[in-house]
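There are 2 protein chains.
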Amino acid sequence: MLDNPESLKVTTGALPGSRKIHVEGSRPDIRVAMREIDLEPSAEEPPVRVYDTSGPYTDPAAQVDITRGLPQIRRPWILARGDVEEYEGRAHKPEDDGLKPGEVIGVPVFDRQGLRPLRAKAGQVVTQMAYARRGIVTAEMEYVAIRENLRIAEARAAAERDGEDFGADIPDQVTPEFVRDEIARGRAIIPANINHPETEPMIIGRNFLTKINANIGNSAVASSVSEEVEKMVWSIRWGGDTVMDLSTGRHIHATREWILRNAPVPIGTVPIYQALEKVDGKAEDLTWEVFRDTLIEQCEQGVDYFTIHAGLRLAYIPLTAKRVTGIVSRGGSIMAKWCLAHHKENFLYTHFEDICEILKAYDVAFSLGDGLRPGSIADANDAAQFAELETLGELTKIAWKHDCQVMIEGPGHVPMHKIKVNVEKQLKLCGEAPFYTLGPLVTDIAPGYDHITSAIGAAMIGWFGTAMLCYVTPKEHLGLPDRQDVREGVVTYKLAAHAADLAKGVPASRERDDALSRARFQFRWRDQFNLSLDPDKALEFHDQTLPAEGAKVAHFCSMCGPKFCAYKISQEVRDMAAEQGMEQMSEKFRSEGGEIYKAEKPAAE
Amino acid sequence: MLDNPESLKVTTGALPGSRKIHVEGSRPDIRVAMREIDLEPSAEEPPVRVYDTSGPYTDPAAQVDITRGLPQIRRPWILARGDVEEYEGRAHKPEDDGLKPGEVIGVPVFDRQGLRPLRAKAGQVVTQMAYARRGIVTAEMEYVAIRENLRIAEARAAAERDGEDFGADIPDQVTPEFVRDEIARGRAIIPANINHPETEPMIIGRNFLTKINANIGNSAVASSVSEEVEKMVWSIRWGGDTVMDLSTGRHIHATREWILRNAPVPIGTVPIYQALEKVDGKAEDLTWEVFRDTLIEQCEQGVDYFTIHAGLRLAYIPLTAKRVTGIVSRGGSIMAKWCLAHHKENFLYTHFEDICEILKAYDVAFSLGDGLRPGSIADANDAAQFAELETLGELTKIAWKHDCQVMIEGPGHVPMHKIKVNVEKQLKLCGEAPFYTLGPLVTDIAPGYDHITSAIGAAMIGWFGTAMLCYVTPKEHLGLPDRQDVREGVVTYKLAAHAADLAKGVPASRERDDALSRARFQFRWRDQFNLSLDPDKALEFHDQTLPAEGAKVAHFCSMCGPKFCAYKISQEVRDMAAEQGMEQMSEKFRSEGGEIYKAEKPAAE
């Protein structure tokens, strides 16, 4: 545990070969951060522009001081809309941090410097969905349009379509108006609490780039405040689009404040975790009042989306009786216990409209939790899971009635042949609200490798239409992930999400693949590393066998050695072919209808 | 480089919680090795029987002495068929090991103790396909039937079918007669050179368990004999079904001899690599005579399958002219260079029937190489790739005419939406001969994580009908894999292959998943680790945060801590439900037609 704020150090600095750029929108205060990767002059190619989740931490020009927090770029936009008010806010209570009355907190506290929370003025709804439905294109919407679209500039419009999108509606160009329309229809969300103005807006929806979430958070057993803040910074460095703080130990409130004030990405939580801490871990002692108070506490702090397990109804619990792994969602098991202890309907369900009333005053998005998701291959797609999904569909419509933004959480553990129907059912039952899945893991037998078992399912479910993939680290089922596990999990999910975008045929999504492959073929090793999702690891792996600087320009690597490098020989083949007029041969071949069996037949015939 | 045979140590010892067992077939000399994992007494479950590729190295009862090699279990079977003869064999030449005449070899040489090679008697064909077509069920066929089938004993026959197999023909029980029929039809192969009698027979085909291959081999830059033998032992310990020796430096012959004499799994090679060494790395100096001599050398040593790039025809080379990554197969680029240098048709194509004549005298299986496989997403499924595949289909039929066993190599780099058509085309063009693919990688942008990008493609292509998956390690594109990379690659592919079996609905394939999930739910940590594909890593990851022995029986882990463990709460939910008669509630619920909306409606309605 750490003693003073000065020890709160986080990772900063540009990624190798990369520069932070800002693309300006229709007004000077809309400046969309992106990353450009410069290539070697010999490439004779422009820099490759990529989506950038890392915030100011990778910008050498930015002053990072986490005791002051990030610039509140969205605050002027929020205030300019004229529909919010500052207010005193809920008084902080010792139990918010798991303290007894009078007990002194054991971690540093972020100095809010008099900052007071905002909420909607009476009668106003301040959600992006409310604006979208009224035809208003917000600054946030314009920001995400530029962010989704211009990272690849004109390339996107010019790109040849190549993919199977299973009925998605992916545009050639993402316009602010398209963003507005998708949000109005409930097909996309911009998680953007008015009390978290530090976020660089991002969008989650099937017709946009596939996003990933990284979970962080301490548990009673391990981890400290400084580790958690660094984990957030670290996970967005590698590509996390949102971060969920799943802390369950003490100092939840204080830790979350540090995370929020320094997070340029949306932060999600599962409020029932903190509520349970407030009743000393006794699920049966939970009440709507404690939960409601916790929601307001977190709305005021700036949490951008809440996992709410309102779909787990009393009647569904018996459906889990014969499962191999029962209820594996933490929130789900807590609510099931409450329901049975009182033999009453889930209070998150009965109070769902009360929750909507709270969330719409801050624009906190719902992430409707799948408390009955399968925790094993045996339990996949069972009656309990799909019963809950039907209820989530019902709740989606209620939330939309309140102009609340909604996404739907999904499994879990599902064998490959049962993945697609999950997306189909979700789209149908939940009116195409964005789907947000955990994996799914496609087998149970590989603990220690569950980032991989789940990345297989994640890539597939992303392709089929899931909007955001919640990462799984190598430590899943075994323990709390550390820094390297977080990095491994984020990069693994980034590659799965990108594979999904390629397969969906997102225009120009192949640009980075092609740039990297050209670099590879031309032995521009530095470019190959720098274009990678994890340039540091690519370099490190290469250097394990060939550390000398000269190897960075060598026309081979240690995998095959100089004589057997297929790329090298292939270059020689091209040179020879050029002399022999291969291009013309190729043209001739094509002009003859591509008939390939004119040449000599094998001896057999 | 190593100086004496004594330093050739390999990894031995049982996997945690596991015992080697042998299931006897119709005769005492058919003893099929399997592994049984014992569970804690509290489980009240029988041991879990799993497929075992690791050979005698994990059998504490076996005497391992790699200077003597493994027992030649198949030799009596081979001799009893009466169709082979011992002969003097080709004289060993210095260039077999890359030595100049008179140069002394720098590595230890395996002492064959007078062992002479076998070949078919004049007029005989000794392939498993030839026997199968004559209606003969060989000992090898019976062995693989027991191996595929009885690992799960009666469970397989009793199992409920659950999967989508895309037209495969997976039986409830694998009988020796089914094996024979599949081999006769060319839909499966048993790679089993008569000069490699140390193998425990295994089968590769779409209607059997999905197999994986691990590549090992030194290159001119790195690795030594002792490392390569240990890599073979190491890769089969984790689940490699076959091993390809892709060595390209010096001492190829000597290294291979050590590997073969100690390998209980089929060994594959790419003979053109050694042939190229014999002509000092000059592709244009290759000749049919040098290649033929190399084939005989390797047939006599006992290599079980050869990658032969006979489908890369002169006319196809121009089709690669506009590719982003040209020709990325080493063998393919070598042959392309030869073709262009001489402006002649590929001699592997023109001499294809001569090659068949050689291979059928030893029962070496063809692995028809995809010299024009795509090396980038941009090049996937292009004209060059599919032109070659058509030729591979043509060659398959010629090989079958000679009773040669054949499998077909496949890509490579393919985005998800273009994977399935690869299998469909291959099955159609190549008469359902087993498909053997490298990945495919579903994106190019993650060097350092290409075991994962490729495992996504591998799991999918395995599901669609690919019979064997060639692993990719984290070092792919960057350098030569080391021990840990091999382990990471093998386990990753093992999980992908198993995911494919689950999705195909291989009967009872879910037994191990279910056993592990039950152990997980019941906090039998040791059982969970021992049932894992990599028990050592699962234990190590768990112990990083909770190393105490008591944590192995604790009802939580560090991921969520004691208060928030969903499994623990879920158990409590079950206890409460039991008191409340949840089973009856569930029965009542079901008997009422599963109507789930009888309970209280949310406040909204």
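Top to bottom, those sequences are chains A and B. Quick note on the UniProt record's numbering: the first sequence kicks off at 1 and runs consecutively. Quick note on the UniProt record's numbering: the second sequence kicks off at 1 and runs consecutively. Cβ atoms here follow ideal geometry from the backbone N, Cα and C, with glycine treated the same way. Remember, predicted model here, so these are calculated numbers, not experimental data.
Could you check the C-alpha separation between residue i and residue j for me, to the nearest Å?
i	j	result
Glu142 (chain A)	Gly186 (chain B)	59 Å
Ser570 (chain B)	Asp543 (chain B)	24 Å
Asp181 (chain B)	Val174 (chain B)	11 Å
Thr199 (chain B)	Thr127 (chain B)	15 Å
Pro41 (chain A)	Arg512 (chain A)	17 Å
Val144 (chain B)	Pro176 (chain B)	8 Å
Pro16 (chain B)	Asp536 (chain B)	8 Å
Ala500 (chain B)	Ser329 (chain B)	26 Å
His477 (chain A)	Phe523 (chain B)	11 Å
Leu480 (chain B)	Thr545 (chain A)	7 Å
Arg261 (chain B)	Ile170 (chain A)	57 Å
Lys563 (chain B)	Leu340 (chain A)	18 Å
Val573 (chain A)	Ala214 (chain B)	29 Å
Leu389 (chain B)	His343 (chain B)	22 Å
Asp3 (chain B)	Ile66 (chain A)	Any answer about Asp3 (chain B) is weak, because its pLDDT of 43 lies below 50 and its placement is not dependable; what the coordinates show is given next. Going from the Cα of Asp3 (chain B) to the Cα of Ile66 (chain A) covers about 58 Å.
Would you kindly check if the distance between the Cβ of residue j and the Cβ of residue i is under 8 Å?
i	j	result
Asn207 (chain A)	Ala168 (chain A)	yes
Ile203 (chain B)	Glu228 (chain B)	no
Pro271 (chain A)	Gln72 (chain A)	no
Leu469 (chain A)	Thr210 (chain A)	yes
Val414 (chain B)	Pro440 (chain B)	yes
Ser376 (chain A)	Ser532 (chain B)	no
Ile398 (chain A)	Ile358 (chain A)	no
Gln385 (chain B)	Ile408 (chain B)	no
Gly326 (chain A)	Arg373 (chain A)	no
Pro191 (chain A)	Asp38 (chain A)	no
Asp29 (chain A)	Gly505 (chain A)	no
Tyr493 (chain B)	Ile212 (chain B)	yes
Lys20 (chain A)	Thr53 (chain A)	no
Ala310 (chain B)	Leu246 (chain B)	no
Gly163 (chain B)	Ala467 (chain B)	no
Gly393 (chain B)	Leu438 (chain B)	no
Ile419 (chain A)	His498 (chain B)	no
Ile355 (chain A)	Ile308 (chain A)	yes
Val490 (chain A)	Trp238 (chain A)	yes
What first and last residue would you give for the beta strand (DSSP E) that runs through residue i?
i	result
Cys470 (chain A)	468–470
Asp245 (chain A)	242–245
Arg35 (chain A)	31–37
Ala497 (chain B)	Ala497 (chain B) -> not in any beta strand (DSSP E); alpha helix (DSSP H) instead, spanning 483–504.
Ala214 (chain B)	211–216
Leu539 (chain B)	First-last for Leu539 (chain B): 535–545, but that is the alpha helix (DSSP H), not the beta strand (DSSP E).
Phe306 (chain A)	305–308
Assuming the contact rule is C-beta atoms closer than 8 Å, residue i and residue j should be a hit. Round their C-beta distance to whole Å, please.
i	j	result
Ala361 (chain A)	Ile189 (chain A)	With a Cβ gap of about 17 Å, Ala361 (chain A) and Ile189 (chain A) do not count as contacting.
Phe347 (chain A)	Trp288 (chain A)	5 Å
His567 (chain B)	Phe521 (chain B)	Per the sequence shown, the amino acid found at residue 567 (chain B) is Tyr instead of His. With a Cβ gap of about 6 Å, Tyr567 (chain B) and Phe521 (chain B) count as contacting.
Leu118 (chain B)	Val84 (chain B)	5 Å
Lys278 (chain B)	Thr294 (chain B)	7 Å
Lys475 (chain A)	Phe541 (chain B)	6 Å
Tell me where the alpha helix (DSSP H) around residue i begins and ends.
i	result
Ala515 (chain A)	511–521
Met141 (chain A)	139–149
Met407 (chain A)	Per DSSP, Met407 (chain A) belongs to no alpha helix (DSSP H); it is in the beta strand (DSSP E), 406–410.
Glu388 (chain B)	383–401
At a cut-off of 7 Å, would you count residue i as near the ligand FMN, judging by its Cβ distance to the nearest heavy atom?
i	result
Pro71 (chain B)	Although the ligand FMN was asked about, the structure shown includes no ligands whatsoever.
Item to complete: Would you list, in chain order, the members of the region 434–448 of chain B that have their beta-carbon closer than 7 Å to a beta-carbon of chain A?
Response: Among the residues of the region 434–448 of chain B, those with a Cβ less than 7 Å away from any Cβ of chain A are Val442, Thr443, Asp444, Ile445, Ala446, Pro447, Gly448, in the order of the chain.
Fill in: Selection of the region 321–341 of chain B by Cβ proximity to chain A, strictly under 8 Å
Cβ contacts with chain A: Ala321, Lys322, Val324, Thr325, Gly326, Ile327, Val328, Ser329, Arg330, Gly332, Ser333, Ile334, Ala336, Lys337, Leu340, Ala341.
Discussion item. So if I threshold CB-CB distances at 9 Å, which residues from the region 246–259 of chain A count as touching chain B?
Written reply: The residues in question are Leu246, Thr248, Gly249.
Item to complete: Could you list the residues in the region 519–532 of chain B with a C-beta less than 8 Å from some C-beta on chain A, going in chain order?
Response: Within the region 519–532 of chain B, contact with chain A at the beta-carbon level (separation under 8 Å) is assigned to Arg520, Phe521, Gln528, Phe529, Leu531, Ser532.
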